[in-house]
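A.B. asks:
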Amino acid sequence: MKIVLHDYQNLCSPGNREYIQRRLFFGLARFAFRVNAVVIDFSRESDSATGDVRCQIQVDIEGHSLVTTTQVAADVRQSAARAVDAIEAGVARQIDGRRWSRHDSLGDRVAALLRPGWLFSASGVRSHSS
Numbered sequence: 001m002k003i004v005l006h007d008y009q010n011l012c013s014p015g016n017r018e019y020i021q022r023r024l025f026f027g028l029a030r031f032a033f034r035v036n037a038v039v040i041d042f043s044r045e046s047d048s049a050t051g052d053v054r055c056q057i058q059v060d061i062e063g064h065s066l067v068t069t070t071q072v073a074a075d076v077r078q079s080a081a082r083a084v085d086a087i088e089a090g091v092a093r094q095i096d097g098r099r100w101s102r103h104d105s106l107g108d109r110v111a112a113l114l115r116p117g118w119l120f121s122a123s124g125v126r127s128h129s130s
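Residue numbers for the sequence shown, in the working numbering: 1 to 130.
1) By the DSSP assignment, the alpha helix (DSSP H) with residue 22 in it spans what residues?
2) What separation, rounded to the nearest whole angstrom, lies between the Cα atoms of residue 1 and residue 71?
3) What do you reckon, are the CB atoms on residue 83 and residue 57 nearer than 8 Å?
4) Can you check which of these residues, 22, 55, 19, is closest to residue 145 by C-alpha distance?
5) I'd like to check one pair, residue 37 with residue 7: are the Cβ atoms closer than 8 Å?
6) So that I know if they touch, is there some Cβ in chain C lying closer than 8 Å to that of residue 97?
7) Apart from the five residues just before and just after residue 97, which ones in its own chain have a Cβ nearer than 6 Å to its Cβ?
8) Alpha carbon to alpha carbon, what distance is there between residue 76 and residue 16?
9) Would you kindly work out how many angstroms separate the C-alpha atoms of residue 86 and residue 69, rounded to a whole number?
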């Protein structure tokens, strides 16, 4: 998983860069085999009187469309934390949602879940053996 951080306005300190990359890596670690690249862009909101920081994260997922989120907060670390939380949920929705859509119908899903030996034993009693 390649992580690229763009900070053309020098808003991030080296400590914040490391924190953001580490947080993003651990947030997307379970999807690392599916994520091609992650691009993070920081900029200062031009129309904001307080000078809020905008963090935009784009994730390129193999076999899926691009997932993007934009979050605005008072400082770099807060905007990045919000964006990482949002992008993690978006990537999970994109990857896990496709997994269930491969089944033909609701009946196929139910039949797969009720297959003998998977959830129930052949006698219909829940099996607790491991």
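Here a beta-carbon is modelled for each residue, glycine too, at the ideal position from N, C-alpha and C.
C.D. replies: By the coordinates alone:
1) Element bounds for residue 22: 14 to 27.
2) Going by C-alpha positions, residue 1 is about 22 Å away from residue 71.
3) Between residue 83 and residue 57, the C-beta gap is smaller than 8 Å, which places the two residues in contact.
4) Here the chain has residues from 1 to 130 only, and residue 145 is not among them.
5) Result no, Cβ atoms of residue 7 and residue 37 do not sit closer than 8 Å.
6) The displayed structure is made up of one protein chain only, and chain C is not part of it.
7) Counting only residues of its own chain and dropping the five nearest sequence neighbours on each side, residue 97 has no CB closer than 6 Å to any other CB.
8) Spanning the two alpha carbons is a distance of roughly 8 Å.
9) Each residue's Cα considered, the two are about 7 Å apart.
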